[in-house]
Amino acid sequence: MQPVTDDQTTTAGQSTVANAPVHDHATHGYITAKDDYLKRLRRIEGQARGLQRMVEEEKYCIDILTQVSAMTKALQAVAMGLLEDHISHCVVDAAVHGGPEAEAKIKEATDAIARLVRS
């Protein structure tokens with residue numbers, strides 16, 4: 001396990017905190033609900049295609065905005081589920097072991113929460 005310096009993203013797409021070890025757990029908290037997440041994401045993908053079609057067909061602005069709102073809420077639900085899974089699995093696991101990894105996971109989670117609040 002190699003430390004990553006500065007705020008970076010690993011090749012696996014994982015956010016890292018300065019000087020924190022790269023997360024290499026074999027499983028993530030969301031694995032037990034993977035099929036549910038994939039189903040939700042496919043539905044969101046369909047909503048995005050529907051939005052494209054609405055614009056191509058020059059549908060009424062408010063109707064498009066209503067669908068954008070529905071898609072945004074669906075993405076937020078996925079994000080909140082992933083965040084909950086991350087905290088209850090990855091952060092708790094790191095906290096049990098303590099040390100710099102625990103601090104890094106807590107920082108990672110608070111940064112993710114801040115990004116979600118700003119979006």
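For the sequence shown, full-length UniProt numbering gives the first residue as 1, with consecutive numbering after it. Built from N, CA and C at the ideal position, the CB exists for glycine as well.
What do you get for residue i, buried or exposed, if any count of 16 or more other CB atoms within 10 angstroms of its CB means buried?
{"i": "Gly98", "result": "exposed"}
{"i": "Val55", "result": "exposed"}
{"i": "Cys61", "result": "exposed"}
{"i": "Lys105", "result": "buried"}
{"i": "Val92", "result": "exposed"}
Going by C-alpha to C-alpha distance, which of the options sits closest to residue i?
{"i": "Gln67", "options": "Tyr30, Gln76, Ala33 and Gly50", "result": "Gly50"}
{"i": "Thr32", "options": "Leu116, Ser69, Leu82 and Ala95", "result": "Leu82"}
{"i": "Ala48", "options": "Glu58, Thr72, Asp36 and Tyr37", "result": "Thr72"}
State yes or no: is the C-beta of residue i nearer than 6 angstroms to some heavy atom of the ligand NAD?
{"i": "Thr32", "result": "This structure lacks the ligand NAD; in fact it carries no ligand of any kind."}
What is the C-beta distance between residue i and residue j, in whole angstroms, given that I count them as a contact (C-beta under 8 angstroms)?
{"i": "His86", "j": "Ala109", "result": "6 angstroms"}
{"i": "Glu101", "j": "Ala94", "result": "5 angstroms"}
Would you be able to state if there are at least three C-beta pairs under 8 angstroms between the stretch 32 to 46 and the stretch 71 to 87? yes
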